[in-house]
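Position 141, counted from 1, in the sequence shown is what the numbering used here calls 158; the numbers after and before it change by one each time, with no gaps.
Everything below concerns the one structure shown next.
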Amino acid sequence: MSNLIHPSAFIAPSAKIGNNVIIGPCAYIEDDVIIGDNCKIDAFASVKQYTTMGSNNHIHSYAMVGGEPQDLKFHGEKSELIIGNNNNIREFATLHRGTEDGGFITKIGDNNLIMAYCHVAHDCQLGNNIVMSNNATLAGHCIVDDFAILGGLSAVHQFTRVGTHSFIGGASGLTQDLPPFMLAVGNRASVHSPNIVGLRRMKANQELISAIKQAFKLTWHSDIPRPDAMIQLEAEYGHLPEIAHYIDFIRQSKRGITPADTKE
Numbered sequence: 018m019s020n021l022i023h024p025s026a027f028i029a030p031s032a033k034i035g036n037n038v039i040i041g042p043c044a045y046i047e048d049d050v051i052i053g054d055n056c057k058i059d060a061f062a063s064v065k066q067y068t069t070m071g072s073n074n075h076i077h078s079y080a081m082v083g084g085e086p087q088d089l090k091f092h093g094e095k096s097e098l099i100i101g102n103n104n105n106i107r108e109f110a111t112l113h114r115g116t117e118d119g120g121f122i123t124k125i126g127d128n129n130l131i132m133a134y135c136h137v138a139h140d141c142q143l144g145n146n147i148v149m150s151n152n153a154t155l156a157g158h159c160i161v162d163d164f165a166i167l168g169g170l171s172a173v174h175q176f177t178r179v180g181t182h183s184f185i186g187g188a189s190g191l192t193q194d195l196p197p198f199m200l201a202v203g204n205r206a207s208v209h210s211p212n213i214v215g216l217r218r219m220k221a222n223q224e225l226i227s228a229i230k231q232a233f234k235l236t237w238h239s240d241i242p243r244p245d246a247m248i249q250l251e252a253e254y255g256h257l258p259e260i261a262h263y264i265d266f267i268r269q270s271k272r273g274i275t276p277a278d279t280k281e
């Protein structure tokens, strides 16, 4: 199928447009942009320089992808935003390119939903199947692993990692790493419990659910020093890949992990 490009859209001469692409009225596509097959760029959306996107992405009206980093150390160097396939980027979302400290790359994986007014800052690395609800915000250098969900109006501190299948409640501020399979909420977010709904959605069996509950208890509600707790968890459930990943996440954390809810 041929492309459907509105006459009022601006497409820079060096932009590369794939097949079966729809570009709406007054959309703005800068130089050095690559747009894959079957993408849709709605009216008034902007795709800025050095952005590369795969196939089947939908950029909604007034979203801006590939903008310059909001970083005082950035001085116009060439840097990139790389977007995978099947992403849905809603109205007024902003996704920024990388900086030198992050290898000059911001990267978005596949099958992500980035809702209205969300912000993905410079050098962030997003995996696959992530949901960022309205107004969720990532500061620079954040890592968000597969299947994580960020509630509306949540904010994640720079250099923080959000684990796979974790959930950040609405209007929460996350300042330390959130381990996989956990639920955190609060003005300064704290871990409340395992993400039981998320575990059910991933069709976790009873052994894994029991293991995650034990991980929660040993990590936040045990008198055992955390390194020793991880050794105990590894001995009991280390044969499960999800628990092995959880333990590695805890051990590799650079910012420290999100604390427990003191009311628990």
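Idealized CB from N, CA, C, for every residue including glycine.
Here DSSP, grouped into helix, strand and coil, assigns residue 193 to coil. Taking 8 Å as the upper bound for CB-CB distance, residue 48 and residue 29 are in contact here, some 4 Å apart. If you draw a straight line from the Cα of residue 68 to the Cα of residue 191, it comes to about 28 Å. CA-CA distance, residue 44 to residue 37, rounds to 16 Å. Between residue 150 and residue 121, the C-beta spacing is not below 7 Å. Judged by pairs of C-beta atoms under 8 Å, the region 220-230 touches the region 253-260, as three or more such pairs exist.
Secondary structure note for residue 236: its alpha helix (DSSP H) is the uninterrupted segment 223-237. Runs of beta strand (DSSP E) with 3 or more residues, each lying fully within the region 77-123, are found at 81-84, 97-100, 111-113, listed in chain order.
Assigned with DSSP and collapsed to three states, residue 131 falls in strand. Taking residue 87 as reference, the option from 56, 141, 59, 238 with the minimal CA-CA separation is 141.
When DSSP reads this structure, residue 28 sits in a beta bridge with 46. Less than 7 Å divides the Cβ of residue 124 from the Cβ of residue 99.
The beta carbon of residue 128 lies closer than 6 Å to those of 103, 145, 146 in the same chain, with the five residues before and after it left out. Separation of residue 243 and residue 183 (C-alpha to C-alpha, rounded to the nearest whole angstrom) is 20 Å. When DSSP reads this structure, residue 33 sits in a beta bridge with 51. Annotated three-state conformation of residue 276 is coil, per DSSP. DSSP places residue 201 outside any alpha helix (DSSP H); the residue lies instead in the beta strand (DSSP E), whose first and last residues are 199-202.
Ranked by Cα distance from residue 174, the options 204, 199, 198, 148 are led by 204. Looking at the DSSP output, residue 211 bridges to 199.
In this structure residue 139 is in contact with residue 115, their Cβ atoms being roughly 6 Å apart against a cut-off of 8 Å. Put simply, of 276, 41, 35, 66 the residue whose alpha carbon is nearest the alpha carbon of residue 50 is 66. Annotation for residue 247: no beta strand (DSSP E) segment contains it, though the alpha helix (DSSP H) segment containing it runs 243-254. Leaving aside the five residues that flank residue 107 on each side, the residues in its chain whose CB is nearer than 6 Å to its CB run, in chain order, 77, 132, 133. Taking C-beta atoms as the reference points, residue 181 and residue 163 count as a pair closer than 7 Å.
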